[in-house]
Amino acid sequence: MSGCVFCGIVAGEVPAFTVADEPDGVAFLDTRPVFKGHVLVVPRVHLVTLTDLPAEALAGYFGLVQRLALAVETGLGAGGTFVAMNNKVSQSVPHLHAHVVPRAKGDGLRGFFWPRTRYTDDPEAREYAGRIAAAVTGHRVG
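Just so it is clear: in the sequence shown, position 119 is 166 by the working numbering, and no numbers are missing.
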């Protein structure tokens, strides 16, 4: 897609520190990493959110994300990884991408990046669960 920096990277028109270039996607270093070795994994085709990814592309794309999680761990000697994806809100580039961030015990990253909350009580939690469950059975993606 014209003007998409990630499409430019996939096409080889925008320079990047590429770590994998496969039919299911391209992985490259984030230019503003949470920690050094933070990788972004994008599908080759321009898609904005996870719900835009066709069902037949799920195994290939997430297989690549899985391989990158292992590669970041083994290649950097990391204790583990944090794998995350934003859809629309906080998505700095509107092209589907997974973050694979190397982790180490005591690295300073605490849980999620945002404050946590609680449900008022079990009935409120059941209400939220019910609303989501109804949407799961009512909508299919991909």
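The C-beta atom is built at its ideal place from N, Cα and C for all residues, glycine as well.
Quiz item: Under a Cβ-count criterion, where at least 16 other Cβ atoms within 10 Å of its own Cβ denotes burial, should Tyr-108 be classed as buried or exposed?
Solution: Residue environment analysis places Tyr-108 among the buried positions, since at least 16 neighbouring C-beta atoms fall within 10 angstroms of its C-beta.
Practice problem: Decide if Val-183 is buried, meaning its Cβ has at least 16 other Cβ atoms within 10 Å, or exposed. | Solution: Counting Cβ neighbours within 10 Å, Val-183 comes out exposed, since fewer than 16 surround it.
Quiz item: Thinking just about the alpha-carbon of each residue, which of Arg-165, His-144, Glu-171 is nearest to the one in Cys-51?
Solution: With distances taken between Cα atoms, Cys-51 lies closest to His-144.
Quiz item: Thinking C-beta only, is Leu-105 closer than 9 Å to Val-86?
Solution: Result no, Cβ atoms of Val-86 and Leu-105 do not sit closer than 9 Å.
Quiz prompt | Pairwise C-alpha distance: Ala-181 and Val-66 | solution = Rounded to whole angstroms, Val-66 to Ala-181 spans 40 Å at the Cα level.
Quiz prompt | Where Ala-145 falls: helix, strand or coil (DSSP) | solution = Residue state for Ala-145 is assigned as strand, using DSSP reduced to three classes.
Quiz item: Helix, strand or coil: which one does DSSP assign to Ala-63?
Solution: Under the three-state reduction of DSSP, Ala-63 is assigned to coil, being neither helix nor strand.
Self-check item: Secondary structure, beta strand (DSSP E): runs of 3+ residues fully inside the segment 103–137
Solution: Taking only runs of at least 3 residues, the beta strand (DSSP E) segments lying wholly in the segment 103–137 are 127–131.
Exercise. Please look up how many angstroms separate the CB atoms of Leu-235 and Val-88, rounded, as I've assumed it's under 8 Å.
Key: Because the chain spans 48 through 189 in this model, residue 235 falls outside it and cannot be assessed.
Quiz item: In the DSSP assignment, what are the bridge partners of Gly-72?
Solution: Partner residues in the beta bridge of Gly-72, as assigned by DSSP, are Glu-69.
Quiz prompt | Where the alpha helix (DSSP H) through Val-52 begins and ends | solution = Note, Val-52: alpha helix (DSSP H), 52–58.
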